[in-house]
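Read the structure below first, then the notes.
Residue numbers (the working numbering), protein chains in the order written: chain A, 23 to 279; chain B, 2 to 275.
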């Protein structure tokens, strides 16, 4: 955990609404797990006082990639205007990320949100480990989904759009029953509704939701301090109070949602 | 060194006049891996009550222009759990620890203070340096003495009384009469802002740059009060801290800057402490 400056060394357009920034850590001192987050201090404290959590993905010892897209949030909108050679003040890493232990064979990555930043890196990591990977993405329409062209061919891709412009016509949760029969590990990023549906469907298929099977990254609480000092990110779970910045932001869905 | 409890029998002698305010340093070790806490004069803990408090439901945080609104509902695990978790950590923090007790039923306050005062070093000295008693925003002058007496019945530690910002001078005078050891200015006013997550209204205490002028104003209003005044809120630069210290504050507490830039908070403490 440290304060540092990352330098934007590349800005690549993946699709009309998606960019990928390459961030370089000149000190080569930051070690980051997929799902852990950094706090980004935006330049203008007047419009954006609080640091924003961002989820860069480790590529090499000193390079990270960060997916960005247009966002109404002033902090993320500021980030979207950063250019090559700009520096980003960050603190971190914080929290518990996704884990891919030995023994996992069939990994399901699922999201119903455009904020699915940790999943592509997890996909890359899983492919490198020789796992079978399915990426299931849902959204309003095709252009809101992570660009299919950026996925490696070995990854099975399933899409669901509410307007039917790509893949299944309907919510991504419609596809979950078959996918949950196949997977032995699920990593999800999205809405509380997605996690609740995942939990219910997994219980129907497997009779109970086992621990260490399905994990979700919380996106419905703010993460302003990263160290459990301010208590703004508390979640009331069936297992009691949990701080998303320390105990999460990735939680085992068996813990109760 | 500064003395923040000159009329107390043991005093509250701190190495620096820059403290960490309640609500922004957790119970102590939270920022230890990011900044060296030894540059701060003391750390004031999150609230501690006799029984556990689950706090408010989400959303708890709303962002404003140059600040935010936060309501945790006094969430804390209760004094017994706090003591079992932190009694071995506090002596190794590198800075004295002041426990923040929100005003409560007098009997509960006494029991909480007694439990906290009971944790001691092997030499028999108290591990905590002082108690900060937080008054509610609607506290009346007559309420102050019973709360102070309740804390004093449970411990002999110095007691700092945290007043509502903009509160009536009579409240401060009643704290002086009830033999508070220092006054903290103070608890921020209530405000409302929208949650950045779901756009719901969040009602809670206001934090951010605007507080500095409110604290500065209270320092001027409370001139002549014969107790050390500790200015808490809105400090975002070395200049902010120095203005308050030259306007009558014996010490300052840094709050929301820790969330925005912990390194800047550290630098302020380092510079003032030189």
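Glycine included, C-beta positions come from ideal geometry on N, C-alpha and C.
query, result
"Contact between the segment 173 to 183 of chain A and the segment 115 to 123 of chain A (3+ Cβ pairs under 8 Å)", "no"
"Contact with chain A by residue 49 of chain B, beta-carbon distance below 8 Å", "no"
"Cross-strand partners of residue 62 of chain A (DSSP beta bridge)", "A/74, A/112"
"Span of the beta strand (DSSP E) around residue 34 of chain A", "24 to 37"
"Residue 31 of chain B at chain A interface by Cβ criterion, 8 Å", "yes"
"Candidates B/82, B/258, B/67: closest to residue 25 of chain B by CA position", "B/258"
"Counted within 10 angstroms of its Cβ, other Cβ atoms place residue 235 of chain B as buried (16 or more) or exposed", "buried"
"Expected contact under 8 Å - CB spacing of residue 120 of chain A and residue 240 of chain A to nearest Å", "So it is not a contact: roughly 13 Å between Cβ atoms."
"C-beta contact flag for residue 134 of chain B and residue 104 of chain B at 8 Å", "yes"
"Proximal residues to residue 260 of chain A (C-beta, below 6 Å), its chain only, five neighbours per side dropped", "278"
"Inter-residue Cα distance where the pair is residue 219 of chain A and residue 132 of chain A", "12 Å"
"Own chain, CB closer than 6 Å to residue 95 of chain B, minus 5 neighbours either side, in chain order", "38, 39"
"For residue 69 of chain B: DSSP bridge partner residues", "B/64, B/208"
"Spatial distance of residue 27 of chain B from residue 213 of chain B (CA atoms)", "22 Å"
"Alpha helix (DSSP H) segments (min. 4 residues) lying fully within the segment 136 to 195 of chain B", "142 to 155, 170 to 178"
"Residue burial classification, residue 77 of chain B (beta-carbon count within 10 angstroms, cutoff 16)", "buried"
"Listed by chain order, chain A residues near residue 67 of chain B by CB distance under 7 Å", "67, 68, 71"
"Start-to-end residues for the alpha helix (DSSP H) that takes in residue 100 of chain A", "96 to 102"
"Cα-Cα separation, residue 210 of chain B to residue 5 of chain B", "25 Å"
"Backbone CA spacing between residue 24 of chain A and residue 68 of chain A [nearest angstrom]", "24 Å"
"Neighbour flag for residue 174 of chain B against chain A, beta carbons, 8 Å", "no"
"C-alpha distance - residue 233 of chain B paired with residue 87 of chain A, whole-angstrom precision", "40 Å"
"Sequence-distant residues of the same chain with beta carbon closer than 8 Å to residue 253 of chain A, five excluded per side", "265"
"Residues within the segment 119 to 148 of chain B neighbouring chain A, beta-carbon criterion of under 9 Å", "none"
"Residue range of the unbroken beta strand (DSSP E) whose run includes residue 156 of chain A", "154 to 161"
"Segment limits, beta strand (DSSP E) that includes residue 40 of chain A", "40 to 46"
"Test: residue 64 of chain B CB closer than 8 Å to a CB of chain A", "yes"
"Contact check, residue 98 of chain A vs residue 104 of chain A, beta carbons under 8 Å", "no"
"Proximity to residue 231 of chain B [Cα-Cα], best of B/201, B/187, B/194, B/264", "B/187"
"Residue 247 of chain B - containing alpha helix (DSSP H), residue span", "239 to 247"
"The segment 230 to 237 of chain A in contact with the segment 151 to 158 of chain A per 3-pair CB rule at 8 Å", "no"
"Where the beta strand (DSSP E) containing residue 178 of chain A begins and where it ends", "178 to 183"
"Chain B contacts made by the segment 230 to 256 of chain A, where a contact means CB separation under 7 Å", "242, 243, 244, 246, 247, 249, 250, 251, 252, 253, 254, 256"
"Minimum C-alpha distance to residue 165 of chain A - residue among A/195, A/136, A/268", "A/136"
"Of the listed residues A/107, A/46, A/72, nearest to residue 196 of chain B (C-alpha basis)", "A/72"
"Cβ contact (3+ pairs, closer than 8 Å) linking the segment 242 to 253 of chain A and the segment 50 to 63 of chain A", "yes"
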